[in-house]
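Its first residue numbered 11, the sequence shown is counted upward by one per residue in our numbering.
The structure appears below as structure tokens.
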Amino acid sequence: MIRRLLLKKLLLGTAVFSLGLGLAVAGMHQKPKANIVQTAQQAGSFNTLLTAVKEAGLEDTLANKCCFTVFAPTDEAFAKVPKEKLDALLKDKEALKKVLLYHVVEGKVYSKDLRDGQKVKTAQGQEATIKLKGGAKIDNASIIKTDIEASNGVIHVIDTVIMPK
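Dropping the structure here:
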């Protein structure tokens with residue numbers, strides 16, 4: 011009798027543990043709740059990009075529309091741009107918008123989808139070139155982190171601001 015009672019408790023405990031573990035694992039695969047802008051804000055290394063996005067009037071688009079792939083330059087990438095060039099760009103909304111949209115591709119493009127020599131059409135209208143040999147790149151920028159999920163797209167971190175041709 012005691013053995014049966016202990017066995018029932020053990021089986022019940024195992025079932026409850028399994029259910030809890032299953033729910034925890036299922037929760038790990040839920041869609042991210044943060045959009046592209048929020049995800050970039052949470053990362054803390056895209057302050058210049060976020061300022062530029064706001065100045066160009068693209069914040070609502072990148073926060074609310076779906077779906078985009080953003081090749082996001084870090085603050086260190088923006089620091090490579092000469093100060094006078096960056097200041098002029100931040101004051102020229104149309105030029106800034108063109109540069110920023112050159113970093114955006116419509117749809118979700120994951121690193122596994124990229125091919126060496128692939129041309130990706132940017133939201134700016136021109137094509138950027140993906141290179142995989144010798145390290146992943148888009149044009150002259152190294153892709154240093156990939157596949158950061160956001161609710162409305164994916165972010166790939168790059169080390170250089172890429173410019174339209």
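The beta carbon of each residue, even a glycine, is placed where N, CA and C say it ideally should be.
- Counting only runs of 4 or more residues that sit fully inside the region 96-159, the alpha helix (DSSP H) segments are 103-111, in chain order.
- At the C-beta level, Ala-73 and Leu-59 stay beyond 8 Å of one another.
- By the CB criterion at 8 Å, Pro-174 and Val-119 fall outside the cutoff.
- For Thr-170 and Ala-87, the gap between their C-alpha atoms comes out near 4 Å.
- Distance from the CA of Ile-168 to the CA of Gln-128, rounded to the nearest whole angstrom, comes to 17 Å.
- Lys-43 places its beta carbon less than 8 Å from that of Ser-161.
- Exclusion of the five residues before and after Cys-77 leaves Gly-117, Lys-118, Asn-162 and Gly-163 as the residues of its chain whose Cβ lies within less than 7 Å of its Cβ.
- Of the other Cβ atoms in all chains shown, fewer than 16 fall within 10 Å of the Cβ of Lys-75; this residue is therefore exposed.
- Taking C-alpha positions only, Glu-94 is separated from Ile-140 by approximately 29 Å.
- When rounded, the separation of the alpha-carbon atoms in Leu-106 and Asp-123 is 28 Å.
- Sorting Thr-79, Lys-101, Asp-157 and Ile-154 by C-alpha distance to the C-alpha of Lys-131 places Thr-79 at the top.
- The Cβ atoms of Ile-165 and Ile-46 lie closer than 8 Å to each other.
- Only residues of its own chain outside the window of five on either side were considered, and among them Thr-84 and Asp-85 have a CB closer than 7 Å to the CB of Ser-55, listed in chain order.
- An exposed status is given to Ala-98, since fewer than 16 other beta-carbon atoms sit within 10 Å of its beta-carbon.
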